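Have a look at the structure below, then the notes.
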């Protein structure tokens with residue numbers, strides 16, 4: 003059984019008119035343990051050309067207490083099914099393998115996780 007909470011998203015770099023994926027949407031993992039906006043694999047970061055925007059370098063802390071160096075640049079998140087769009091810091095690191103939607107990315111969303119029904123409901127505030 004798949005226990006991951008997934009949200010269909012579209013990502014963009016509004017300054018350089020890049021979009022990921024080029025068509026349709028990609029599934030992001032809803033991660034309440036990640037306090038940031040979005041965390042993406044390096045390949046996605048490069049496809050959005052965020053590495054060309056003089057990325058900000060920060061340090062993140064993992065659940066085990068260890069630190070990780072993150073590169074970030076501002077971009078946009080869109081959830082087409084909700085007619086929702088927001089902007090924030092999209093971050094990346096070499097070992098990231100999936101797109102994570104964090105707490106800052108959900109700040110204007112009402113999210114209900116119903117474990118009994120295996121249901122994730124997301125709506126705009």
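In the working numbering, the protein residues as written are 3 to 127. Here a beta-carbon is modelled for each residue, glycine too, at the ideal position from N, C-alpha and C. Please read all numbers here as calculations on a predicted model, not as lab measurements.
Problem set entry | residue 12, buried or exposed, once every other Cβ within 10 Å from all chains shown has been counted against 16 | Classification of residue 12: buried, given that the 10 Å Cβ count is 16 or more.
Exercise. Where residue 95 and residue 71 are concerned, what is the direct C-alpha to C-alpha distance, given to the nearest angstrom?
Worked result: Taking C-alpha positions only, residue 95 is separated from residue 71 by approximately 7 Å.
Problem set entry | Which of helix, strand or coil DSSP assigns to residue 33 | Correct three-state label for residue 33: coil.
For this session: Buried or exposed for residue 77, please, with buried defined as at least 16 other CB atoms from any protein chain shown within 10 angstroms of its CB.
Result: Residue 77 is classed as buried because its beta carbon has at least 16 other beta carbons within 10 Å across all chains shown.
Exercise. By DSSP, does residue 3 sit in helix, in strand, or in coil?
Worked result: Its pLDDT being 40, under 50, residue 3 is placed unreliably by the model, and nothing is read from it.
Problem set entry | Chain-order list of residues whose beta-carbon lies under 6 Å from that of residue 6 (same chain, five-residue window excluded) | Correct list, in chain order: 31.
For this session: Name, in chain order, the residues that DSSP records as bridge partners for residue 41.
Result: DSSP lists 93 and 102 as partners of residue 41.
Exercise. Residue 66 to residue 113, Cα distance in whole Å?
Worked result: CA-CA distance, residue 66 to residue 113, rounds to 26 Å.
For this session: Compute the distance between the beta-carbons of residue 38 and residue 117, then report whether it is under 8 Å.
Result: No, they are not a contact pair.
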